[in-house]
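Novice: Have a look at this one.
Okay, here's the thing in structure tokens:
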């Protein structure tokens with residue numbers, strides 16, 4: 161079964177906070193598919209634009225301005241904290257290597273010092289999740305700060321967002337290495353698994369926010385280039401490593417999350433070939449194999465359409 165996340169994002173009236181138990185990976189990625197499919201189904205994203213479409217435009221800045229600025233002002237007081245602030249003693253990697261452990265794996269009562277055993281659906285609270293938490297924080301801080309800059313053009317929002325980008329992807333003392341060799345490890349069994357790539361689904365929001373900041377004075381060219389180089393290196397790992405290939409070929413939500421990440425990181429780094437690959441894979445592989453036949457995929461389908469995702473296993 162799919163391991164679960166440990167946190168959730170809650171709107172507390174003063175912006176989002178990271179609290180409480182998260183939905184399972186199955187629930188989270190089913191929801192991601194529900195958002196991803198209608199987005200790609202819009203004709204203007206898949207086919208040449210036609211004058212008779214008349215798709216509605218929504219002024220998100222006007223609708224969401226108060227919430228965006230409230231959250232961004234809160235995050236202005238939060239300094240960058242990367243994975244290097246949380247040593248992972250059970251990791252086979254170093255302090256710059258992202259590490260997480262499978263949630264449903266526990267010590268064996270019959271062999272306490274031996275390999276962990278699975279207790280499906282029961283998360284082990286002693287497993288290491290601090291790197292996940294740090295990445296989740298970044299994924300809500302960056303969009304809020306970038307959106308606040310976009311709607312106000314106040315550079316202090318952009319400058320603080322750039323501090324996060326520097327810390328996570330540029331500065332040698334705090335940056336994260338562009339791979340997930342040690343994600344979703346299982347004590348005594350494996351130092352990392354391909355399904356760990358689902359942990360970086362939140363980086364999609366970071367890449368989108370970084371792209372928005374390219375219009376700001378605070379994002380220097382060298383920082384912009386270094387951040388894009390990091391995402392390009394991560395793309396290379398996702399598309400060539402054994403873990404990455406395993407996730408790409410998965411028959412469930414993991415393959416969808418791989419395509420979602422590769423598509424966005426390709427857009428951000430200007431990798432047209434990989435972006436084209438993701439479009440084709442979505443239409444030719446993911447839709448036929450992971451969406452129930454009764455849901456009709458057509459260019460004119462609306463976002464209200466129900467998406468039925470096939471059961472997932474791992």
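Numbering (my numbering), first residue to last: 161 to 474. Here a beta-carbon is modelled for each residue, glycine too, at the ideal position from N, C-alpha and C.
If you measure from the beta carbon of residue 404 to each beta carbon in chain D, is any gap under 9 Å?
Specialist: Of the protein chains in the structure, only one exists, and it is not chain D.
Novice: Are residue 318 and residue 373 closer than 9 Å when you measure CB to CB?
Specialist: In contact: residue 318 and residue 373 (Cβ atoms closer than 9 Å).
Novice: Run through the DSSP bridge pairs and tell me what residue 278 is partnered with.
Specialist: Partner(s): 265.
Novice: Do you know how far the Cα of residue 264 is from the Cα of residue 363?
Specialist: Straight-line Cα distance between these residues: approximately 24 Å.
Novice: If you compare alpha carbons, which of 279, 451, 308 and 357 is closest to residue 235?
Specialist: The candidate whose alpha carbon is nearest that of residue 235 is 308.
Novice: Between which two residues does the alpha helix (DSSP H) harbouring residue 342 extend?
Specialist: Per DSSP, residue 342 belongs to no alpha helix (DSSP H); it is in the beta strand (DSSP E), 342 to 345.
Novice: Measure the Cβ-Cβ separation of residue 391 and residue 423 and say whether it is below 9 Å.
Specialist: Not closer than 9 Å, so no.
Novice: Whole angstroms are fine: how far does the CA of residue 326 sit from the CA of residue 315?
Specialist: For residue 315 and residue 326, the distance between alpha carbons rounds to 16 Å.
Novice: In the DSSP assignment, what are the bridge partners of residue 350?
Specialist: Paired residue(s): 346.
Novice: How would you call residue 302, buried or exposed, if buried means at least 16 neighbouring beta carbons within 10 angstroms?
Specialist: Per the 10 Å Cβ criterion, buried.
Novice: Taking residue 385 as the reference, give the member of 402, 299, 322 and 420 with the closest Cα.
Specialist: Selected option, being the one with the closest Cα: 322.
Novice: Compute the Euclidean distance between the alpha carbons of residue 435 and residue 407, then round it to the nearest angstrom.
Specialist: Near 17 Å, if we compare the C-alpha coordinates of residue 407 and residue 435.
Novice: Measuring alpha carbon to alpha carbon, tell me which residue in 237, 256, 218 and 415 is nearest residue 354.
Specialist: Closest option to residue 354, Cα to Cα, is 415.
Novice: Cα separation between residue 405 and residue 226?
Specialist: Roughly 42 Å between the two C-alpha positions.
Novice: Could you tell me which residues DSSP puts in a beta bridge with residue 271?
Specialist: DSSP lists 268 as partners of residue 271.
Novice: Short of 8 Å in beta carbon distance, which residues of its chain neighbour residue 268, apart from the five on each side in sequence? Order them along the chain.
Specialist: 274, 275, 276 and 277, listed in sequence order.
Novice: Can you tell me where the alpha helix (DSSP H) holding residue 406 begins and where it ends?
Specialist: Where residue 406 is concerned, the enclosing alpha helix (DSSP H) stretches over 402 to 408.
Novice: Report the option in 295, 219, 221 and 285 whose CA atom is closest to the CA atom of residue 245.
Specialist: Among 295, 219, 221 and 285, the Cα nearest to that of residue 245 is on 295.
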